[in-house]
Structures are given as C-alpha cells and as structure tokens.
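**Student:** Heads up: the protein sequence lines correspond to chains L and H, in order.
Be aware that the first sequence starts at 1, since it is given in full-length UniProt numbering, and climbs by one per residue.
Be aware that the second sequence starts at 1, since it is given in full-length UniProt numbering, and climbs by one per residue.
Protein chains: 2
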Amino acid sequence: MLRPVNADGNDGRRLRGNRTRGIVLDAAVNLASEDGLEPLSFGRLATQTGVSKAGVQALFGTKQELQLATIAHAARVFAAEVIAPTDRLTPGAERLTGLVERWIEYAETPLFSGGCFWSATMPEQDSHPGPVRDALVSQRDAWIGLLARELAEARSSATEDGQLAAFQLNAVLSAVNSALRLGEASASDRARDTARQLINA
Amino acid sequence: MLRPVNADGNDGRRLRGNRTRGIVLDAAVNLASEDGLEPLSFGRLATQTGVSKAGVQALFGTKQELQLATIAHAARVFAAEVIAPTDRLTPGAERLTGLVERWIEYAETPLFSGGCFWSATMPEQDSHPGPVRDALVSQRDAWIGLLARELAEARSSATEDGQLAAFQLNAVLSAVNSALRLGEASASDRARDTARQLINA
Numbered sequence: 001m002l003r004p005v006n007a008d009g010n011d012g013r014r015l016r017g018n019r020t021r022g023i024v025l026d027a028a029v030n031l032a033s034e035d036g037l038e039p040l041s042f043g044r045l046a047t048q049t050g051v052s053k054a055g056v057q058a059l060f061g062t063k064q065e066l067q068l069a070t071i072a073h074a075a076r077v078f079a080a081e082v083i084a085p086t087d088r089l090t091p092g093a094e095r096l097t098g099l100v101e102r103w104i105e106y107a108e109t110p111l112f113s114g115g116c117f118w119s120a121t122m123p124e125q126d127s128h129p130g131p132v133r134d135a136l137v138s139q140r141d142a143w144i145g146l147l148a149r150e151l152a153e154a155r156s157s158a159t160e161d162g163q164l165a166a167f168q169l170n171a172v173l174s175a176v177n178s179a180l181r182l183g184e185a186s187a188s189d190r191a192r193d194t195a196r197q198l199i200n201a
Numbered sequence: 001m002l003r004p005v006n007a008d009g010n011d012g013r014r015l016r017g018n019r020t021r022g023i024v025l026d027a028a029v030n031l032a033s034e035d036g037l038e039p040l041s042f043g044r045l046a047t048q049t050g051v052s053k054a055g056v057q058a059l060f061g062t063k064q065e066l067q068l069a070t071i072a073h074a075a076r077v078f079a080a081e082v083i084a085p086t087d088r089l090t091p092g093a094e095r096l097t098g099l100v101e102r103w104i105e106y107a108e109t110p111l112f113s114g115g116c117f118w119s120a121t122m123p124e125q126d127s128h129p130g131p132v133r134d135a136l137v138s139q140r141d142a143w144i145g146l147l148a149r150e151l152a153e154a155r156s157s158a159t160e161d162g163q164l165a166a167f168q169l170n171a172v173l174s175a176v177n178s179a180l181r182l183g184e185a186s187a188s189d190r191a192r193d194t195a196r197q198l199i200n201a
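1. Counting only Cβ pairs nearer than 7 angstroms, list the residues of chain L close to residue 182 of chain H.
2. Rounded to whole angstroms, what's the CA-CA distance from residue 200 of chain H to residue 193 of chain L? Just pull it up for me.
3. Counting only the same chain and skipping the five closest in sequence on each side, list residues whose C-beta sits under 8 angstroms from that of residue 29 of chain H.
4. Using CA coordinates, which residue listed in L:61, L:37 and L:31 is at the minimum distance from residue 47 of chain L?
5. Quick check: what's the CA-CA separation for residue 8 of chain H versus residue 122 of chain H?
6. For chain H, is any of its Cβ atoms less than 7 angstroms away from the one on residue 20 of chain L?
7. Just the C-alpha distance for residue 130 of chain L and residue 12 of chain H, rounded to the nearest angstrom, thanks.
8. Could you say if the stretch 81-92 of chain L and the stretch 55-69 of chain L meet the contact criterion of at least three C-beta pairs nearer than 8 angstroms?
9. Taking any Cβ of chain H, which residues in the UniProt domain "HTH tetR-type" (18-78) of chain L have a Cβ under 7 angstroms from it, in chain order?
10. Give the straight-line distance between the Cα atoms of residue 126 of chain L and residue 164 of chain H, rounded to the nearest whole angstrom.
11. Taking only runs of the alpha helix (DSSP H) that begin and end inside the stretch 69-133 of chain H, which ones reach a length of at least 4 residues, in chain order?
12. Just the chain H side, please: which residues come within less than 8 angstroms of residue 166 of chain L by C-beta, in chain order?
13. If you drop the 5 nearest sequence neighbours on each side, which residues of the same chain put their C-beta closer than 7 angstroms to that of residue 135 of chain H?
14. Between residue 90 of chain H and the ligand ZN, is there a pair consisting of the residue's CB and a ligand heavy atom that are separated by less than 6 angstroms?
15. Which word fits residue 150 of chain H, buried or exposed, when buried means at least 16 other C-beta atoms lie within 10 angstroms of its C-beta?
16. Is residue 102 of chain L close to chain H? Criterion is C-beta to C-beta, closer than 7 angstroms.
17. So, using beta-carbon positions, are residue 162 of chain L and residue 152 of chain L closer together than 7 angstroms?
18. Let's test the definition: count the other Cβ atoms within 10 Å of the Cβ of residue 147 of chain H and tell me whether it reaches 16, buried, or not, exposed.
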C-alpha cells in the first residue's frame, strides 16, 4: 500500500484509520437502515467490509459506541444531502418548501440501502431507554425544531402553534416515506400539499 | 383433560384446536409487536406457549400462513378494542373524535407487549412485496378509509380533499404513538388538536 507522500507514519496510519472508519460506518448505516441498530456487530461489519473483526473493534471499542457512531454518521449524511442544499434559500416558505422537496427526494431515492435510516431505527429503539435512544431523539428533535423555525418564519400569522404544525409536518413526511415504500407514488404530493396548507395556515 | 359434555370427539378436538390456535396467535401478535413478523417461527412460538413445535406447525402449515394469521388476529383485536367501541357514536365528528380517543388509549396503554403492532411490522415489511405486505397494506387502507369517511361526514364543507386529511390524521396518530413511546406524554393532545383542526377545516 502506498504511504501518503507528505505524511509521517503516524499521519499515514491515522488517514488509513479514518478511511477505514468511513468504510465501516457506511456499511453500518446501510445495515441499520435495513435491519435496525441491534443486529449491528463487529463480526457482521467485518464480513461486509473485509476489515478484520479486531480492526473494527479497535475503531469503536463497544457495540454501543458503534451504534452511536452509526447514528452520528447517518445524521452527517442526512444533513449534507437534505438540509445543506437549502442553506442558500430564503428562510421561511422558500426554505421550508426546499426542505420538503429534498425530503421527498430522500424518500423517493433513498440514500441508504434500506430506505429511511430514522424510520428503520426509531421503532426499534423507542422502548429501550439509554444513550442510543437519546441520540435518535436528539436528531429527531433537531429536525422538528428546524421545521418549526422555518414554519414560524413562513407564516403570516404567528398565532398558530408552530410546534404542533412542525409535529404534523414531520408526521406527514414520515408517512410519505412509508407510503412511497409501499409503492404509492402519489404520496409525494401529499407532502407538498400539507406543507402548503401549513405555510398558509 | 375433561371432554366437553355436549360434543363428540371431533368437536372436542376442534375446540381444543381453536383454543390452542388462539393462545399461539396471542403470543405471535405480542412477539411481532416487539420484533416484527420475520423472527416469528414455529420453534419460538412453541417455546413461548408450551405447545409442541409440531403442534404449532400443524396449525399453520407455513411461516407465511402463520404471519398472515398473526396479522388477521392483530386486526381483530384492534377492531374490537379501537373501532367497535365507537360503533354506537354518531357518524362524523363524534365518531371520529371517539376513534382518536380510542387510538390514544391504544397508544398510551398498548394492547400488545411491544406497543403498536402496525408500527412494528410495516417498516419491516414495506420493502418486501408479497402477501404479507399486501395484508398489512390492506389493513392500513381500511383504517385510513374509515378515517376519511368519518372526516367527510364531519366536515361542513365537502370541498376539501378528504383523502389528504385522512392521510394527515393517520400520519399524526402514528407519530403520536411513536412520541408516546419516547416519553412525550403531551403528544396525545397533538392528536386531539389535529383531529379538531381537520374536522373544522
């Protein structure tokens, strides 16, 4: 294997470690999107990636750390693909509409092999209190918070309960993801119509 | 074991068979509400119920038949506990409000050990076309259809898209189930508020 030219041995090892970590986490996010976070194991990821089981274990230490790193990785990919492209849009209706469109795209052509990472992992974890569930809840709250802020910005009247509207919009987006996986292509329009109704409420 | 007094041997066997079937299906619904329909197996149900593995297999034949019978059993329990109690209510706003209240109760104090049967099984099956997914979809469509009918009856104006409103209400009910499992007790009011908004739309 070539050593990076401008790096001493330590940096080279660290670069390879980071790259390996990324490969294992990509595989972990895809596996979790299919079967949830519980079946994740050092052995299964080793088989999937060709990295040795000891190598995978050395990167994450415990299964819980692996699960937390997998959630953080999914969140980074989600933020980069769904949220970041709307950064340049005007806050409010325009940005909210953009977020809904990016979500629809995310649901229509899933980033992860099993479809929506959050839909696959939350029902599994929601009855198991602990750091893993907390990490999922914190991602969900951040997403609903983002919808609430953009909704508040978008609406002419500030009298409506923005948190309720954000909860409703998030519920519909999740249901659209599920409906699309059942082959109901028209579901995407339900997300658009709901966003429009809530913006104009 | 006592033989039923007013039954010949055949009827006695059939009665025992029905009772055993009910015991196995109760266990199957609870298991599926926790881990989904895939981990259901004759062996696991035998261990859970004390019925012999051959006995369980004789009742259902194939794993797919077992899964379909489990869905039908969950649907019967759901209909008896959530839908039937609203039969005597006036169609429209009153009955819809009753359905929402029964759903909240269903979500707050789950009928099944793992919580909502549909939330646990649909994400697992939605990417696997076949009779099992079809059975789940048909239950979901019947439920959304019921909400749509009551919404149409409840609303003063018939101009709104009742199917969209039913989709939205179902989405919020599912999200409330999930939020309750995350400990957000206030989520129940979001279901009530959403139903009220949609009725008055």
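Every residue, glycine too, gets a C-beta built ideally from N, C-alpha and C.
Nothing here was measured: the structure is a model prediction, and the numbers come from that model.
**Tutor:** Taking the definition as stated:
1. 126 and 137
2. 18 angstroms
3. 70, 73, 74, 77, 112 and 117
4. L:31
5. A caution first: residue 8 of chain H carries a pLDDT of 45, below 50, which makes its placement in the model unreliable, though a value can still be read off. Whole-angstrom Cα-Cα distance: 43 angstroms.
6. no
7. 50 angstroms
8. no
9. none
10. 28 angstroms
11. 93-108 and 117-125
12. Going along chain H, no residue has its Cβ under 8 angstroms from residue 166 of chain L, so there is no contact; the nearest lies around 10 angstroms.
13. 68 and 71
14. Because no ligand of any kind appears in the structure shown, any question about the ligand ZN cannot be addressed here.
15. buried
16. no
17. yes
18. buried
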